[in-house]
Each structure stands twice: as structure tokens, then as C-alpha cells.
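K.L.:
One structure is given below, represented as C-alpha cells, and several questions about it will come after.
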């Protein structure tokens, strides 16, 4: 048996050779895409790492996918599934085995699909379908929400539940559609167009629950994207989970993370709205009460100051107005007067009509006096009207305020002497009282008195009671 | 019965958004103090009326779901429907 000559220093240990192979392979295949069929799938190891093989008719490749990479998988691997995997070749020295350490993996064909998607996205973006300027504002208080989704499954249930919880009176109209598989995109697009033709929905929710990228694919199809962009009804897209973004989301007026989130965006919380209305009523009520109180103070002051002897003296503040108006009138007449005098002067020099001038001046003066009297009369009558009007308004307001309070469910209590009861302490057990409601009255008998705290010493009493505990 | 009630509600021509805006304007006008007394009072009356109408709308509750349909040659319309998952969505579960 012949042996090859081997210089001592050229003989490698197994470990040395394996390391050299490892470096060579790692350098040559640091980033490689490989396509094959999954085999030997056993599910995740207890460490969370995945170990399986990729094969094709001519070869088999050991593969490992570590936990961090495995967590990002968008599908569930299984035996027989064609996949495309990206990673690097590494050598496991103890066994002298090489394997592909996979960083990313996707079902085969998705790559081509994603490339098409990018192309479609570019094309539609270039057409302006995703422009912010196209986006419509969502209505703040919709009456009717249209929903385009599958009639079965969690998405429609979540949407209905959240809509009803937030705004119990909301009208929900569903267009049931297939959301995945053959014909789904056409159904979704047709449903959106039908809603638009119907015109009864104030806002549309278009979407579905979570799924694989293939399951969500209908929402990437051109027909759906175009239908969403063209719709006159504002649209909220709600496809899959937070991380799933489809072209439908780009075209929609608003993108929701999930179907439940879409329902939250579509309608407001009725409880918040009710609180807002109550605040409005309080603000209006306090303004009008202040105004009424001020008016009553003013009227009282005026009446007290002057009595009713002379109407002209009653409303001293109208005096000022009178004077002001009179001043304006005088100025106006003076202007006319000057013009007339000029004209007369010219006429006099032309015709020598000396006698006519004083007469015309006297006439003008009489006219001025007449105007003054008429103005005074007008002002006095205005003052009368105004006062009548103000008192009538005050009456209207007074009638309005307690009635409004009563309509909210309060009642007025009158005691035995017919006076309104402000404190329980003013009553005795057995007293007969009258309850006055917004509509009607009722007689009642007091059975027990619990002392109230609204007396002048109420605070002290409250404190002493607290001290006693 | 539910049907008739629903239709009556649908016929009531109250635009919630418009009414809310009008109410906000009224509150602001009242608070500006620039209105005459007479205008203040009529605005107040209008405001309270509006607020009560809006609260009535908030009191409404609707349990039905409708389906959008379009029959050959007709305009789209709606008809009542049951969710296939009706058993999973009992009325008691809806916070109505």
C-alpha cells in the first residue's frame, strides 16, 4: 500500500480542518436565498429554536432558525410547504455538519407577489390615489355606519359590539362579503360601490380580522384600492392587526389598527357627548340667570330712585341717548340751514330780495322746533315700549327657570302655611305638605324629620358630629 | 313594532352634527355678552330645546342589524338580518 509523502507540518488536526472548512463556507455563503420544501418539521424546540430540513428532489439541507428570527415568521411552517429562506451557512464543529442558519423565511412565491405589490403601490401612488389631499374627514356624529366584511368571524362581532357600546342608537348596515380567496376583491369593491350608490351610510368600515399575508391579500388588490379611493362615503380601513398594512390602508380616509379600533374611530362615546350637553346647559343657564339678576337689580334701582311720577325722568339713561340723537339732528339741520342760507344769499345778491331772507330763516327755525318735539315724543314712546318689553321678558324667564328645573325631576315642597320649605327643620312630623311637580301637585304627610345642615350653624354641627365619631 | 319605531327615528330630521355646532355657537354667543336681552333669552330657549333633542337621540338604542341589498334593476336598499354568530352575541352581552 503506497502512501503519499506528507511533511509533518502540513498535517492538520480534524479540528483545524473543520475550522478551515467553516471559515471557507461562512465566507462563501454569508447571505444566500434558497428555495425548498420543508421536511422533518417537529415544531419549535423547547428553547424556541427551530430545527428542520429543506429538500428538493436532488438534495437535503439541514436548517436552524433561532428563536428571535422564528418569532418574526408570518406563517406556520409545516412539512411539504415550499418556502424561500434567507440565511448563512454555518458549520457545527462537534458533528462536522453544516447547516443553513435562517434569518428570514416566507412561503415560496410571496417574493414575486411582494414585488408586484410594490409595483402596484408605486403606480397607484403616482396616480395620486394615496394623496393626503384626497382624504375625507370622518363625520363627527354619524347616524349610520356601513360595514363591509365577512358576516362570520370575530371582526364583525367586534365592530358591532364596540359601536353599540359607544353609541347605542347607531344604525348598522352590513354588506356581507368574502374577504379572502377567489373573487373576494371583486365582492369587496362592489360592496363599497353599492354603499356609495345607496348613500345612506355616513361612514364605512372596510376590513377583516387577522390572518396570513395571503389571507389579507384581497385588500392589496387594485379593484379594492380603487373602490376605496373613489368612494364618496368616508372609509375607515381595518385589515388584520396593527402590524398588517395593505394598500387599502393607504387609500382609506383613516386607517384603524384593528376592526374594534375602527368602530372606536367611527362613533363617539355617547356618555361623553351627554356630559358635554349637560355642561352646555349649565353654561347657558348661569349666563341667563346672571343677566336676569342684573336686570332685576337695575329695574329696582330705577324704580326706587324716581318713582312713577314722570315717565321722562324715570329712564335717566335714555336721556343721554335723547341728547345724543338731538345733537345729531341739530348738526344735520344746521348743514341744511347753511346750504339754504348760501342759496338765499346768492338769490338776494342776484335779485335783491332782502325781506325774504328773515322769513325763510324763521320758517326753518319753526321746522327745527317741530322736529325736536316729534323726536322727544318718539323717544318717550320708545322708552314705554322698551319697559313693557323688558318686563314681559323677565316674566317669561322667571316662568321658564323653575319649570325647567322641575322638568328634570325636582319638586317644590310647600308647607302647611303655603310657604316653600327650604329646611327640614321648619317642619314637624305629621305636617301636611304639598309637592309641586312639573305637571300637577300631590299632598303628603311628613313622617320623620332628619335635621339638615343648611342652617347658619350647619358647618359647626357637621364638625361636631365628625368629632363624635 | 321595532320596525315602526326604527322608521320613525330614521324620519326625524335631526342632524346631530349641525345641531351640536349650532348649540356650541349659542353657548359662545351667550357667553360673549354681546346679545341683547331679548336675543339672549330666545337663544337660551333654542339652546335648551336643542340640547334636549340631542339627549333624546342619545337615549335611543338600536338592536337590529341591516343588510345592504341590491336587487336586479332596483336601487340599493336594506333589509333586517341576523348575524350568523347570533348565539355568540346574546343581547345581554350588549351594553345597551
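Chains as they are written, first to last, in my numbering: chain C, 619 to 1087; chain Y, 148 to 243. Where is the CB? At the ideal position from N, CA and C, for every residue including glycine.
1. Please classify residue 650(C): is it buried, with 16 or more other beta-carbons within 10 angstroms of its beta-carbon, or exposed?
2. Compare the C-alpha of residue 845(C) against each of 676(C), 642(C), 712(C) and 822(C) and name the closest.
3. Output, in chain order, the set of chain C residues within a Cβ distance shorter than 8 angstroms of residue 227(Y).
4. Can you pull the chain C neighbours of residue 214(Y), defined as C-beta to C-beta under 8 angstroms?
5. Just to confirm the assignment, what range does the alpha helix (DSSP H) spanning residue 636(C) have?
6. With a threshold of 8 angstroms between beta carbons, is residue 759(C) in contact with chain Y?
7. What would DSSP say about residue 694(C), mapped onto helix, strand or coil?
8. Check whether the stretch 687-700 of chain C and the stretch 661-668 of chain C are in contact - that is, three or more C-beta pairs closer than 8 angstroms.
9. Can you tell me whether residue 908(C) is buried or exposed? The criterion is at least 16 other CB atoms within 10 Å of its CB, across all chains shown.
10. Please classify residue 754(C): does DSSP put it in a helix, a strand, or coil?
11. Interface residues of chain C around residue 185(Y) at Cβ under 8 angstroms?
12. How about residue 215(Y) and residue 793(C): are their beta carbons less than 8 angstroms apart?
13. Report the residue ranges of all beta strand (DSSP E) runs contained in full by the stretch 828-858 of chain C; include only those spanning at least 3 residues, in chain order.
14. According to DSSP, which residues form a beta bridge with residue 794(C)?
15. Give the straight-line distance between the Cα atoms of residue 1027(C) and residue 217(Y), rounded to the nearest whole angstrom.
16. Which one or two residues does DSSP pair with residue 700(C) in a beta bridge?
17. From this set, 858(C), 895(C) and 1057(C), which residue's C-alpha is nearest residue 170(Y)'s C-alpha?
18. Expressed to the nearest angstrom, what Euclidean distance is found between the alpha-carbon atoms of residue 662(C) and residue 696(C)?
19. Which residue wins for smallest C-alpha separation from residue 1052(C), given the options 722(C), 1062(C) and 648(C)?
20. Mind checking who residue 872(C) pairs with in its DSSP beta bridge?
21. State yes or no: is the beta carbon of residue 891(C) nearer than 8 angstroms to at least one beta carbon in chain Y?
22. Return the residue from the list 633(C), 718(C) and 783(C) that minimises the CA-CA distance to residue 1110(C).
23. Give, in chain order, every residue of the stretch 163-175 of chain Y whose Cβ lies closer than 8 angstroms to some Cβ of chain C.
24. Along chain Y, which residues have their Cβ under 7 angstroms away from the Cβ of residue 888(C)?
25. Which class does residue 629(C) belong to by DSSP, given the choice of helix, strand or coil?
26. From residue 740(C) to residue 832(C), what does the alpha carbon distance come to, in whole angstroms?
27. If the cut is a Cβ gap below 9 angstroms, which residues of chain Y does residue 683(C) touch?
28. Please say whether residue 864(C) and residue 834(C) have beta carbons closer to each other than 8 angstroms?
29. Can you tell me whether residue 1082(C) is helix, strand or coil according to DSSP?
30. May I ask you to report which of helix, strand or coil DSSP gives residue 217(Y)?
31. Please classify residue 1050(C): does DSSP put it in a helix, a strand, or coil?
32. Going by beta carbon distance, what residues of the same chain come within less than 6 angstroms of residue 197(Y), once the five residues before and after it are set aside?
33. Excluding five sequence neighbours on each side, which residues of the same chain lie with their C-beta closer than 6 angstroms to the C-beta of residue 700(C)?
34. Could you tell me which residues DSSP pairs with residue 227(Y) in its beta bridges?
35. Quick one, which residues of the stretch 746-758 of chain C are near chain Y if we go by CB-CB under 9 angstroms, in chain order?
36. Find the residues of chain C that neighbour residue 220(Y), judging by a C-beta separation of less than 7 angstroms, and give them in chain order.
P.N.:
Short version:
1. The residue you call residue 650(C) lines up with position 32 of the first chain. Around the Cβ of residue 650(C), a 10 Å sphere holds fewer than 16 other Cβ atoms; the residue is exposed.
2. For the purposes of this step, residue 845(C) is identified with residue 227 of the first chain, where counting begins at 1. Of 676(C), 642(C), 712(C) and 822(C), the residue nearest in Cα terms is 822(C).
3. Translated into the one-based positions of the second chain, residue 227(Y) becomes position 80. Neighbours of residue 227(Y) on chain C: none; closest Cβ ~11 angstroms, over 8 angstroms.
4. Looking up residue 214(Y) in the second chain gives position 67. Within chain C, the residues near residue 214(Y) are 791, 792, 793 and 794.
5. Position 18 of the first chain holds residue 636(C). Counting along the chain, the alpha helix (DSSP H) containing residue 636(C) begins and ends at 632-646.
6. Residue numbering aside, residue 759(C) sits at position 141 when the first chain is read from its first letter. Closer than 8 angstroms: yes.
7. For the purposes of this step, residue 694(C) is taken as residue 76 along the first chain, with counting starting at 1. In the structure shown, residue 694(C) sits in coil (DSSP, three-state: anything other than H, G, I, E or B).
8. As far as the Cβ criterion goes, the stretch 687-700 of chain C touches the stretch 661-668 of chain C, which means the pair count is three or higher.
9. The residue you call residue 908(C) lines up with position 290 of the first chain. Residue 908(C) comes out exposed.
10. Within the first chain, residue 754(C) is the residue found at index 136, counting from 1. Three-state result, residue 754(C): coil.
11. One-based indexing of the second chain puts residue 185(Y) at position 38. By Cβ distance, chain C contributes 1007 and 1011.
12. Counted from its first residue, the second chain places residue 215(Y) at position 68. Counted from its first residue, the first chain places residue 793(C) at position 175. Yes, they are a contact pair.
13. 853-857
14. Translated into positions along the first chain, residue 794(C) becomes position 176. Looking at the DSSP assignment, residue 794(C) forms a beta bridge with 767(C).
15. Within the first chain, residue 1027(C) is the residue found at index 409, counting from 1. Within the second chain, residue 217(Y) is the residue found at index 70, counting from 1. Rounded to whole angstroms, residue 1027(C) to residue 217(Y) spans 48 angstroms at the Cα level.
16. Position 82 of the first chain holds residue 700(C). Bridge partners of residue 700(C): 655(C).
17. Residue mapping note: residue 170(Y) aligns to position 23 of the second chain, counting from 1. If we check each option's Cα against that of residue 170(Y), 895(C) comes out closest.
18. The count along the first chain starts at 1 and reaches residue 662(C) at position 44. The count along the first chain starts at 1 and reaches residue 696(C) at position 78. So the two alpha carbons sit approximately 11 angstroms from each other.
19. Stepping through the first chain from its first residue, residue 1052(C) is reached at position 434. Of 722(C), 1062(C) and 648(C), the residue nearest in Cα terms is 1062(C).
20. Along the first chain, read from residue 1 onward, the residue named residue 872(C) stands at position 254. Its beta-bridge partners are 854(C).
21. Stepping through the first chain from its first residue, residue 891(C) is reached at position 273. Answer yes: the Cβ-Cβ gap between residue 891(C) and chain Y drops below 8 angstroms somewhere.
22. Any question about residue 1110(C) goes unanswered here, given that chain C covers just 619 to 1087.
23. 163, 164, 167, 170, 171, 173 and 174
24. The residue labelled residue 888(C) in the question sits at position 270 within the first chain. Those are 205, listed as they occur along chain Y.
25. On the first chain, position 11 is the one that residue 629(C) refers to. In the structure shown, residue 629(C) sits in coil (DSSP, three-state: anything other than H, G, I, E or B).
26. Taking the first chain and counting its residues from 1, one reaches residue 740(C) at position 122. Taking the first chain and counting its residues from 1, one reaches residue 832(C) at position 214. One C-alpha to the other measures close to 20 angstroms.
27. In the first chain, counting from the first residue as 1, residue 683(C) sits at position 65. Within 9 angstroms Cβ-Cβ: nothing; residue 683(C) doesn't reach chain Y, min ~37 angstroms.
28. Counting from 1 along the first chain, the entry for residue 834(C) is found at position 216. Counting from 1 along the first chain, the entry for residue 864(C) is found at position 246. Cβ distance < 8 angstroms, so residue 834(C) and residue 864(C) count as in contact.
29. For the purposes of this step, residue 1082(C) is identified with residue 464 of the first chain, where counting begins at 1. Low local confidence applies: a pLDDT of 42 at residue 1082(C) is under 50, so the model's placement there is unreliable, with the coordinate-based value given in what follows. In this structure, residue 1082(C) counts as helix in the three-state DSSP scheme.
30. Locating residue 217(Y) in the second chain gives position 70, where the first residue counts as 1. Of the three classes helix, strand and coil, the one that applies to residue 217(Y) here is coil, per DSSP.
31. Taking the first chain and counting its residues from 1, one reaches residue 1050(C) at position 432. Here residue 1050(C) sits in strand by DSSP.
32. Position 50 of the second chain, counting from 1, holds the residue named residue 197(Y). Excluding positions up to five away in sequence, the list reads 166 and 170.
33. The residue you call residue 700(C) lines up with position 82 of the first chain. Only 655 and 726 meet the Cβ criterion.
34. For the purposes of this step, residue 227(Y) is identified with residue 80 of the second chain, where counting begins at 1. Its beta-bridge partners are 213(Y).
35. For the stretch 746-758 of chain C, the set of positions with a beta-carbon nearer than 9 angstroms to some beta-carbon of chain Y reads 757 and 758 in chain order.
36. Within the second chain, the letter at position 73 stands for residue 220(Y). None at all; the shortest Cβ gap to chain C is about 13 angstroms.
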